[in-house]
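Note sheet for the following structure.
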Amino acid sequence: MQLTYLEAIRQGIWEEMDRDPSVFCLGEDIGIYGGAFKVTDGFIDRFGPERVIDTPIAESAIVGAAFGASLTGMRPVAEFQFMDFIGCAFNQISNMVAKTHYLWGAPAPLVLRGPSGGYVHGGPFHSQNPEMWFVHNPGLKVICPATPYDAKGLIKAAIRDNNPCIFFEHKYLYRRIKGEVPADDYVVPIGKANIVREGRDLSIVTYAAMVHTALEAAEILAKENIDLEILDLRTVSPLDREAIAATVKKTNKVIILHEHSRTGGLAGEIAAIINEEVFDDLDGPIVRITGLDSAVPFSPPQEHHYLPKVEDVVRESRRLKAY
Amino acid sequence: MAIKKKNSKHSPNGSRRHNGASPATTIDLRTYSIPDLRLEHPDLSVRQSTEKDGHVRYEVTGNLDAPVPPIRDSKYLSKQQCIEIYRYMLLNRKMEVALENLYKQGKVVGGVYFGLGQEACSCASAYALDKDDWFAPMIRNQGSLLVRGFAARDTMMQYMAKADSPTRGRDGTSHFGDIEKRNMVSPISMLGDLIPVLSGVALGARLQGRNVAVMTYIGDGGQSTGVTYEGINFAAVQNLGLVLFIESNLWAYSTPSEMQYRCKDLAERAIGYGIPGVIVDGTDACQVYDAAREAVERAHAGEGPTLIEAKMMRMKGHAIHDAASYVPKPMFDFWKKRDPIARFDNYLVKEKKWLSSKENAELISEVERIIEAEREIAINSPMPEPESAEGGVYCEDGCHDIKPKYGTPKVKKGTGGYKETEAAVHLK
Ligand SMILES: Cc1ncc(C[n+]2csc(CCOP(=O)(O)OP(=O)(O)O)c2C)c(N)n1
Ligand SMILES: [Mg+2]
């Protein structure tokens, strides 16, 4: 079955609600309206207003209530209208939810999900990729799928997981990409990266929308006999250290590509992992391609300038290949 | 305790403005009542004043010699129950005396927080909960923990960061919880964040077909946080059985309540949330219990949240390091006369004659023996191994079998089958 990225997520949540009565959804405008991006479209008719709850505009209350419900054994799925607003609930997530199992042994099986990312001219408050705020919070799992198959398998895995999971849906991908999704029930394991393209010359370590950017660049570079290997991390916390080490061991050269800004970004952490695990296998410098160290600007030419592009991957790959 | 709404008569022109009319004549006057169970209404107020020496200090005005009011007879409590609450209050205080001594002996890691003067509020509130209800204490509600069945050693070991403490050394004070037996959510330091969490507990239970009461506390300072508003409003909109005690103890660290909020009584905030609010004397265990019990009953009946403001004073500094020299001394004198244990003692022994002096003395020494035994156990617990700092960040390898606590949620399925969504969205 060919599904859009959005439809895959929607189907994943729907099937989990169908399967498990302890799953319920809460968030702003998710009921009759079906959510700002329609991920929960039609859910209220099927599952009723008790399990598809429209909340006040109160992100801390949404996370707090989801957490409280999870303590009674429920599996809440809370929607952020945009992931940019997750900062409003930061304390609940960082100090309440993330620390709970470590400190007092209570599991918090909840999912916080919503659209993130740029390329849609959403401006500084509707384009961010705030996953790093949570990567630096032990106790959370942070998931950023790139394909419909992974999106469905990972949202199901997140709902079934006994830990708090933050699920970043890339809004640029929502209706732009389609992919094969099996009709049978399946999950994609959290914490496992995936080689989406095998290659021998250099590795691109990336995730979410940037996987598609890397794939486009790989097509162009293939004509020049530069063979990219692309590792899709799928989960950014916990990171799949083995997969990162393995691809570097194989190609000996690596570019880390992400959409969020550079300083304190994921590339720094991955570079450190490479340094710790496979330093001797490197035949060139670790290269970073990232967003700029600024807010995401609104105007399309500026946003284009801010965000990583296919040309950037092509240029840096040529340079690194020649190193 | 329902909100009474009284609408004043509409003006002949109705409430709509029209050209040339004076708008002021058409305002609807709505009055809501906030029941006040207190038998006295202290009129003390604190303000900053610059003294001749050039220092800015707090100064108190009001009738500092007002007589101590009697305990208000409870509508519900039996003699036996009153004595039981009194016993918990004694345990609460004696445990805190023991903690203070442990601190002085250098056995405590960090500081110690006290609920001195607030024992009635902690103990009588938690006493109103049923077994299946939930609660979460704040830092001064060490008495609530005792009422809910935790041992004094638990709190003592938390303060000493011992290996056998409920968090195995990972956190201190009353920061621990139990979702299996005693239904307690662990507090975090950030004030106000428990309120939406407890509301969520009630939401989870309701989805499983149970209306539980969920009780927590917030200070006159902590209630200034935004998450307090979000949490109460969420409970109000969803009609969840939140029982929120505002511990109006006049101080938030060194800041007097006059600098936290402008309304007369914090219970009035209930009006804005559209929920019932009530004021009690936080040093009168019977008033605290009666208000808590009625709120718990409302929660069990699915009638939604209640805000209870308990007025009292924090009778020590913020924590053990703080001598509270900023508090005008006459305030301590005023509230010392309203000590919740001394008043309850007097009520039980002298007024009601439910306890003889001998029985009272026996009760006190029994409580002292218990605390001493608990202290011994707590002291003898080892410190945790350094490596025990590791692990447990995630729930994994089947460490928890998660299932709905009150039974499988009832599921109603509508006719709407799954079909792909095609609706328009913004930011394509
Ligand atoms: C959100 C937040 N800000 C600051 C603090 C630091 N702090 C801890 S207790 C306290 C005073 C609290 O006063 P109040 O809420 O009135 O409670 P009380 O100590 O009087 O019981 C402060 C400022 C905190 N714990 N949480
Ligand atoms: Mg206070």
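Protein sequences, first through last, are from chains A and B. For the first sequence, this note's numbering gives the first residue as 329, with consecutive numbering after it. For the second sequence, this note's numbering gives the first residue as 1373, with consecutive numbering after it. Note that beta-carbon positions come from the ideal geometry of N, C-alpha and C, so glycine has one too. Values in this document were obtained by computation on a predicted structure and should not be read as measured data.
Range of the contiguous alpha helix (DSSP H) that encloses residue i
| i | result |
| --- | --- |
| A:K506 | Taken as a continuous stretch (DSSP letters only), A:K506 belongs to no alpha helix (DSSP H), being part of the beta strand (DSSP E) at K506 to E508. |
| A:T541 | A537 to A550 |
| B:S1620 | First-last for B:S1620: L1614 to S1620, but that is the beta strand (DSSP E), not the alpha helix (DSSP H). |
| B:V1481 | B:V1481 -> no alpha helix (DSSP H), and no H or E assigned at all. |
| B:H1672 | A1657 to H1672 |
| A:S622 | Run containing A:S622: none; DSSP gives neither H nor E here. |
| A:N603 | L594 to V606 |
| B:S1729 | S1729 to N1752 |
| A:F410 | Where A:F410 is concerned, there is no enclosing alpha helix (DSSP H), given that its DSSP letter is neither H nor E. |
| A:F371 | F371 to F375 |
| B:A1574 | L1566 to L1579 |
| A:V638 | V638 to A650 |
| B:K1708 | K1701 to K1708 |
| A:T579 | R569 to T579 |
| A:S398 | E387 to L399 |
| A:I654 | Here chain A comprises residues numbered 329 to 651, so residue 654 of chain A is not present and cannot be evaluated. |
| B:S1516 | Q1514 to V1519 |
With 16 other Cβ atoms within 10 Å as the buried cut-off, status of residue i
| i | result |
| --- | --- |
| B:Q1420 | exposed |
| B:V1480 | buried |
| B:D1415 | exposed |
| B:Q1477 | exposed |
| B:S1383 | At B:S1383 the pLDDT is 32, less than 50, meaning the model places this residue with poor confidence and gives no usable figure here. |
| A:S627 | exposed |
| A:Q330 | exposed |
| A:M411 | buried |
| B:S1620 | buried |
| B:P1781 | buried |
| B:I1399 | exposed |
| B:Q1452 | exposed |
| B:V1557 | buried |
| A:Y651 | exposed |
| A:F607 | exposed |
| B:R1402 | exposed |
| A:F453 | exposed |
| B:M1755 | exposed |
| B:K1701 | exposed |
| B:H1413 | exposed |
| A:R403 | buried |
Rounded Cβ spacing between residue i and residue j (contact assumed at less than 8 angstroms)
| i | j | result |
| --- | --- | --- |
| A:I518 | A:I558 | The Cβ separation is near 20 angstroms, so there is no contact. |
| B:W1506 | B:N1555 | 4 angstroms |
| A:F395 | A:G442 | 16 angstroms between Cβ atoms; not a contact. |
| B:I1680 | B:Y1645 | With 8 angstroms as the limit, B:I1680 and B:Y1645 do not qualify as a contact, their Cβ atoms being about 13 angstroms apart. |
| B:A1624 | B:G1591 | 6 angstroms |
| A:S565 | A:V425 | In fact, because the Cβ distance is near 14 angstroms, the residues do not count as touching under 8 angstroms. |
| B:L1616 | B:I1455 | With a Cβ gap of about 28 angstroms, B:L1616 and B:I1455 do not count as contacting. |
| B:A1524 | B:I1743 | 6 angstroms |
| A:M460 | A:H633 | That belief does not hold up - the Cβ atoms of A:M460 and A:H633 are roughly 21 angstroms apart, past 8 angstroms. |
| B:A1577 | A:T400 | 5 angstroms |
| A:K520 | A:E344 | Incorrect: roughly 20 angstroms between the Cβ atoms, too far for contact. |
| B:R1465 | B:I1713 | 6 angstroms |
| A:Y333 | A:P476 | 5 angstroms |
| B:G1483 | B:I1692 | 5 angstroms |
| A:D357 | A:D382 | 6 angstroms |
| A:D609 | A:V576 | 6 angstroms |
Limits of the unbroken beta strand (DSSP E) element including residue i
| i | result |
| --- | --- |
| A:H633 | First-last for A:H633: P628 to Y634, but that is the alpha helix (DSSP H), not the beta strand (DSSP E). |
| A:L354 | V351 to G355 |
| A:E307 | The requested residue 307 of chain A does not occur in the structure, where chain A is confined to residues 329 to 651. |
| A:I471 | K469 to I471 |
| B:M1529 | Element bounds for B:M1529: not the beta strand (DSSP E) but the alpha helix (DSSP H), A1524 to M1532. |
| B:I1590 | V1586 to G1591 |
| A:F496 | C493 to H498 |
| B:W1506 | W1506 to A1508 |
| A:N522 | N522 to R525 |
| B:E1681 | T1678 to K1683 |
| B:T1422 | S1417 to T1422 |
Proximal residues of chain D, C-beta to C-beta of residue i below 7 angstroms
| i | result |
| --- | --- |
| A:D555 | Absent from the structure: chain D. Protein chains present are A and B. |
Entirely enclosed alpha helix (DSSP H) segments - the stretch 1453-1501 of chain B, minimum 4 residues: Taking only runs of at least 4 residues, the alpha helix (DSSP H) segments lying wholly in the stretch 1453-1501 of chain B are 1491-1498.
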